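Just below is one structure, and these are the notes that go with it.
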Amino acid sequence: MIPLFKVFIAPTVLKEIEKILYSGYIGEGDKVKEFECALSRHVGNNAVATNNGTSAIQLALRLAGVGNGDEVISTPMTCSATNMPILAAGAKIVWADINPWTGNIDPKDVKRKVTPKTKAIMCVDWGGYPCDFDELNIIAKEHGIKLIEDACHAFGSSYKGKPVGSHCDYSCFSFQAIKHLTTVDGGLITCNGDYERAKLLRWYGIDRDAKREDLRCEADITEYGYKFHMNDVTAAIGLEQLAYIDINLNTCLGNAKKYDDAGLSLMYRKDRQSCYWLYTTRVKNRDNYIKRMRDVGIVTSKVHVRNDKYTVFKDSRTFLPGVDEFYSEQVSIPVGWWVGSDGVDKIIEETRKWQG
């Protein structure tokens, strides 16, 4: 089988993990700081490492001031981990429609959905393809609300020549097992503001960098925080993984270009570059296509269920024609570093057969 996802682990990881495990310090320490510095260079913004991407989103909502009774405009076309933190914050989700040829939130519908209760906009870079940040930032600034980017698919993507992670008030990344950059599990939040507060809140509200005579707890804690920090073991894995990220990303881009040249691409603009965590195309009779591809040794998938179909989000349901259109035909095909030239050719051939 040609898998849709495959875990990449750098061959040097075990040696680095062993150093940390026997160093006498395995919590959040110097390795986390080193990893954060490296990530800051990659995304072009202040970086705060977390234990996972969902924690990063929850932290972003807190920093944005989202609380009980507030509204957050979001997209149902994503992993449920994007939207569960909104409910956890006590806020109401207002679904915005998407562009049916990108899978990303539609700024025009976002603008229609803003109310006096709106506190934030949550946008998701479907498959790694960057959202329309310029349009979304204009809306956010016009109404004095925050733009939060779920970039969990998008490490390595760029928009107008700048890396994803530097365009919104807050951007959240995931380093979960099957992401381009995995630390087994982990996450990141980047902040155009509130950087120092983000560091405080991810660790109980405690300033771990402050000078102290005895315990770090001796300093006053002014607001409650979370146990969202990354540890040195995870960070050590991430640092080794970073050494290979450009090679793996370039392989994905090469495979994606072959699919583009074969006419499988959706509507992609030249002002942005996807990292292609997913290569999503649209096919008729999608569910039968998935079964047919599995029969010939190729794993394909919808990857995520549209969130508005879940009972937990029933109070936010509304008419979303763009989501209806996209979700009925969208499917992701293998594009990663493990898919060789022969595999790409086979996927193209089988997809063309299906399309007739």
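Using this note's numbering, the first residue of the sequence shown is number 12, and each one after it goes up by one. The C-beta atom is built at its ideal place from N, Cα and C for all residues, glycine as well. Note that the structure is a prediction, hence the values are computed from the model and not measured.
Note to self: Please tell me whether ILE104 and ASN115 are closer than 9 Å, where the distance is taken between their beta carbons.
What the structure shows: In terms of Cβ geometry, ILE104 and ASN115 do not form a close pair [threshold 9 Å].
Note to self: Using a Cβ distance threshold of 8 Å, determine whether the segment 282-301 contacts the segment 248-265, with at least three qualifying pairs required.
What the structure shows: Contact between the segment 282-301 and the segment 248-265 is present, because at least three Cβ pairs lie under 8 Å.
Notebook entry, point to check: Span of the beta strand (DSSP E) holding PHE184?
Noted result: 181-185 is the extent of the beta strand (DSSP E) around PHE184.
Notebook entry, point to check: How close, in whole Å, do the beta carbons of LEU72 and ALA131 come, if the pair is a contact with beta carbons under 8 Å?
Noted result: Their Cβ separation, rounded to whole angstroms, is 7 Å, which keeps LEU72 and ALA131 in contact under 8 Å.
Check: What's the gap between the Cα of LEU212 and the Cα of THR65?
Finding: Distance between the alpha carbons of LEU212 and THR65 is about 15 Å.
Check: Is the beta carbon of GLU45 sitting closer than 9 Å to the one on ALA273?
Finding: no
Next item on the list: Could you tell me if ILE232 is buried or exposed, where buried requires 16 or more neighbouring beta carbons within 10 angstroms of its beta carbon?
Entry: It counts as exposed.
Check: For ASN57, which beta-bridge partners are listed by DSSP?
Finding: CYS202
Note to self: Across the segment 46-57 and the segment 338-353, are there enough close Cβ pairs to call them in contact, namely three or more that are closer than 8 Å?
What the structure shows: Because the criterion of three Cβ pairs below 8 Å is not met, the segment 46-57 and the segment 338-353 do not touch.
Next item on the list: Determine the direct distance from the alpha carbon of GLY80 to that of TYR235, and round the result to whole angstroms.
Entry: 20 Å
Checklist line | For GLU160: DSSP bridge partner residues | finding: CYS134, SER182
Notebook entry, point to check: Within 8 Å: the Cβ of TYR287 and any heavy atom of the ligand NAP?
Noted result: What this structure holds is no ligand at all, so the ligand NAP is not there to describe.
Checklist line | 4 or more residues per run - each alpha helix (DSSP H) lying fully within the segment 221-290 | finding: 243-272
Check: Got a sec, what are the start and stop residues for the alpha helix (DSSP H) GLU146 sits in?
Finding: Looking at the DSSP string, the run of the alpha helix (DSSP H) that includes GLU146 is 144-154.
Check: How long is the line joining the alpha carbons of GLY3 and GLU361, rounded to whole angstroms?
Finding: Outside the displayed span of the chain (12 to 367) sits residue 3, for which this structure offers no information.
Notebook entry, point to check: Do you know offhand how far VAL175's Cα is from GLY167's?
Noted result: Pairing VAL175 with GLY167, the inter-Cα distance amounts to about 7 Å.
Item checked: Local conformation of ARG363 per DSSP, three classes -> helix
Notebook entry, point to check: Excluding sequence positions up to five away, which residues of its chain have a Cβ less than 6 Å from the Cβ of GLY197?
Noted result: Within the same chain, PHE186, MET241, THR245 come within 6 Å of GLY197 by CB-CB distance, once the 5 residues on both sides are set aside.
Next item on the list: Assign ILE309 to one of three DSSP states: helix, strand, or coil.
Entry: strand
Next item on the list: Return the CA-CA distance between VAL310 and ASN203, expressed in angstroms with no decimal places.
Entry: 39 Å
Notebook entry, point to check: When DSSP builds the beta bridges, which residues end up paired with GLU82?
Noted result: Paired residue(s): LYS103, THR129.
Margin query: Check whether the segment 109-127 and the segment 179-195 are in contact - that is, three or more C-beta pairs closer than 8 Å.
Written below: no
Next item on the list: Name, in chain order, the residues that DSSP records as bridge partners for ARG293.
Entry: GLN341
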